[in-house]
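> Could you have a look at this structure, given as structure tokens, before my questions?
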Amino acid sequence: MAKLVDNPNLAFRLARAIVSDIALYNQEKVRDGIKNDTLFDLLKDELTEGREHFNGRVSPDLPDRDHLYDRAIVDVMIRQAGKIESSIW
16 MAKLVDNPNL AFRLARAIVS DIALYNQEKV RDGIKNDTLF DLLKDELTEG
66 REHFNGRVSP DLPDRDHLYD RAIVDVMIRQ AGKIESSIW
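In terms of our numbering, the sequence shown opens at residue 16 and continues consecutively.
Here's what the structure looks like:
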């Protein structure tokens, strides 16, 4: 079994990579979700699967583990979608 990630910087990089893949393979859902403020509804299954993968690779003892994944969603999906017209901004 592979060693679990216990470094917060590496864990955040992993979270960003996972969320980047989700965004890449679901570009239309991301666009529609940002535009209509339904991002988390449209990508619920994908984001849940990504979180499960992240949690399976990162030590449960890492402080703020869930926060790292949530922050990656904001950094990768939401912040980069700022150019999409939406009533949420």
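Think of the CB as a built atom: it goes at the ideal place given N, C-alpha and C, for glycine as much as any other residue.
Look up V20 in the DSSP assignment and give the residues it is bridged to.
Locating residue 20 in the sequence shown gives position 5, where the first residue counts as 1. Answer by DSSP bridge pairing, in chain order: V73.
> Rounded to whole angstroms, what's the CA-CA distance from N41 to N51? Just pull it up for me.
Residue 41 sits at position 26 when you count from the first residue of the sequence shown. Residue 51 sits at position 36 when you count from the first residue of the sequence shown. Their backbone Cα atoms lie some 15 Å apart in a straight line.
> What residue does the alpha helix (DSSP H) around V45 start on, and which one ends it?
The residue given as residue 45 occupies position 30 in the sequence shown. Start and end: Q42 to N51.
> Which class does L57 belong to by DSSP, given the choice of helix, strand or coil?
In the sequence shown, counting from the first residue as 1, residue 57 sits at position 42. Shown here, L57 sits in a helix according to DSSP, grouped into three states.
> What are the start and end residues of the alpha helix (DSSP H) that includes R86?
As a first step, residue 86 is located in the sequence shown; it is residue number 71 there, counting from the start. From DSSP, the alpha helix (DSSP H) with R86 extends over R80 to I88.
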